[in-house]
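So the structure is just underneath, and the comments pick up after that.
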Amino acid sequence: MAQKQVSVKLLIDTKTNKVLFAEGGKDFVDFLFYILSLPVGAVVRLLNKGTMMGSLGNLYDSIENLSNDYIQQTFHKDSLLKPRLPPCNADSVGMVPLLSVAQAPILAKSFFGCSRTNNSWYESSLMNSSYGSSRMNSSYEYHFYVTDDPKNFCPACQSKMSKKLNYVGSDVKDENLPSYAYDGYVKGVVTYMIMDDLVVKPMPTISSITLLNQLSIKDVSSLQEKVVHLGLDEGVALLKASFESNTVLTDGKES
């Protein structure tokens, strides 16, 4: 399956070789905002701990190399080293470059209850209450605990919390819009303006001349538009630059 890409248009000052700003759609802005939701362990893994600035790579190595003799039995190293990525709609996977990373599973909205819970308890209690009875069959159990990790244990009986529960989400949608319009973080109703330092805002409605004046551009002939396509490699390079630079788009353009 071909890797999906995100396109963005750059406005470049060829005299300074710097990106003034980018014009991007919902998919590119969703990608940028998604960076803030990534667990630190996922970031270290994506950026290659050996090339990272600072000491987070060493911390990652420490956990990786620490013998299981020193690890709590209820703790799994992979929860830090290979953390699950934040929730997203399955249809949108790959629309944003980093969402297609196979190194960490995407966390869907799944919830679990105690494996000893018997659905008949709830059904029986409803039946009894409908007949004005408060009787409950003692053979039925229902422990009112919920988790998003089926490896957790029930506080009431220490059984695995592996019984999958049905999640009911909000369903306030416009039938005239495609399903992907509700994925991600921002609405796709406008084009967004992304500055070189990753300041994001809706594209202003003022004239191009006024916008260029605000950016202190005097020589229009030095400006060049360039459409670039971001796949996984470019997405990771942009992520890395966002930790190291205030000229992220310029740096990413040259990587």
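Each residue of the sequence shown is one higher than the one before, starting from -5 at the first, in my numbering.
Beta carbons are placed, not taken as given, at the ideal position from N, Cα and C, and that holds for glycine.
Just so we're clear, the structure is a prediction, and the values are computed from it rather than from any experiment.
May I have the straight-line CA-CA distance separating residue i from residue j, to the nearest angstrom?
{"i": "TYR125", "j": "ASN160", "result": "At TYR125, the pLDDT of 48 sits below 50, so the modelled position is not reliable; the number obtained from the coordinates is stated separately. Looking at the two C-alpha atoms, the distance is approximately 27 Å."}
{"i": "ASP227", "j": "SER215", "result": "32 Å"}
{"i": "LEU79", "j": "ILE57", "result": "19 Å"}
{"i": "VAL194", "j": "VAL23", "result": "8 Å"}
{"i": "LYS247", "j": "LEU14", "result": "12 Å"}
{"i": "ILE29", "j": "LYS12", "result": "23 Å"}
{"i": "ARG39", "j": "LYS234", "result": "11 Å"}
{"i": "ILE65", "j": "ASN59", "result": "11 Å"}
{"i": "SER1", "j": "ALA231", "result": "15 Å"}
{"i": "LEU192", "j": "ASP245", "result": "12 Å"}
{"i": "SER132", "j": "ASP63", "result": "Annotation note: pLDDT 45 at SER132 (below 50); position unreliable, coordinate value reported separately. Cα to Cα, SER132 sits roughly 41 Å from ASP63."}
{"i": "LYS158", "j": "MET47", "result": "41 Å"}
{"i": "LEU205", "j": "THR10", "result": "19 Å"}
{"i": "HIS137", "j": "LEU41", "result": "42 Å"}
{"i": "TYR139", "j": "CYS151", "result": "11 Å"}
{"i": "THR8", "j": "LEU217", "result": "6 Å"}
{"i": "THR199", "j": "ASP142", "result": "44 Å"}
{"i": "LYS212", "j": "LEU75", "result": "50 Å"}
Could you please give the first and the last residue of the uninterrupted beta strand (DSSP E) stretch that includes residue i?
{"i": "VAL2", "result": "0 to 7"}
{"i": "GLN152", "result": "Where GLN152 is concerned, there is no enclosing beta strand (DSSP E), given that its DSSP letter is neither H nor E."}
{"i": "GLN218", "result": "217 to 224"}
Assuming residue i and residue j form a contact by the criterion Cβ under 8 Å, report the distance between their Cβ atoms to the nearest whole angstrom.
{"i": "GLY289", "j": "GLY19", "result": "The question about residue 289 has no answer, for the chain in this structure spans -5 to 249."}
{"i": "PRO144", "j": "PHE106", "result": "5 Å"}
{"i": "LEU4", "j": "LEU209", "result": "About 14 Å; that fails the 8 Å criterion."}
{"i": "LYS71", "j": "ASP55", "result": "That pair is no contact at about 12 Å."}
Sort out for me which residues DSSP pairs residue i with in a bridge.
{"i": "THR141", "result": "PHE106"}
{"i": "MET187", "result": "GLU17, LYS195"}
{"i": "LEU30", "result": "BP columns for LEU30 are empty, so no partner."}
{"i": "LYS12", "result": "ASP7"}
Output needed for residue i: all residues of its chain with C-beta closer than 7 Å, excluding positions within five of it in sequence on either side, in chain order.
{"i": "PRO77", "result": "PRO33, GLY35, ALA36, ALA98"}
{"i": "SER156", "result": "PHE106, SER109, PRO144"}
{"i": "SER61", "result": "none"}
Less than 6 Å between C-beta atoms, sequence neighbours within five positions excluded: which residues of the same chain meet that for residue i?
{"i": "THR241", "result": "ASP190"}
{"i": "VAL95", "result": "Low confidence applies to VAL95: its pLDDT is 49, below 50, so where it sits in the model is not reliable enough to give any reading."}
{"i": "THR185", "result": "GLU17, MET197"}
{"i": "PHE27", "result": "TYR179"}
Would you mind reading off the limits of the alpha helix (DSSP H) that contains residue i?
{"i": "ILE203", "result": "202 to 208"}
{"i": "TYR161", "result": "No alpha helix (DSSP H) holds TYR161; DSSP gives it neither H nor E."}
{"i": "ARG39", "result": "34 to 41"}
{"i": "LEU74", "result": "72 to 75"}
{"i": "TYR64", "result": "Counting along the chain, TYR64 falls outside any alpha helix (DSSP H), and DSSP gives it neither H nor E."}
{"i": "ASN52", "result": "50 to 59"}
If I measure Cβ to Cβ from residue i and keep anything under 8 Å in the same chain, skipping five residues before and after, which residues do I get?
{"i": "SER153", "result": "CYS108, SER109, ARG110, PHE147"}
{"i": "VAL221", "result": "SER1, VAL2, LYS3, LEU4"}
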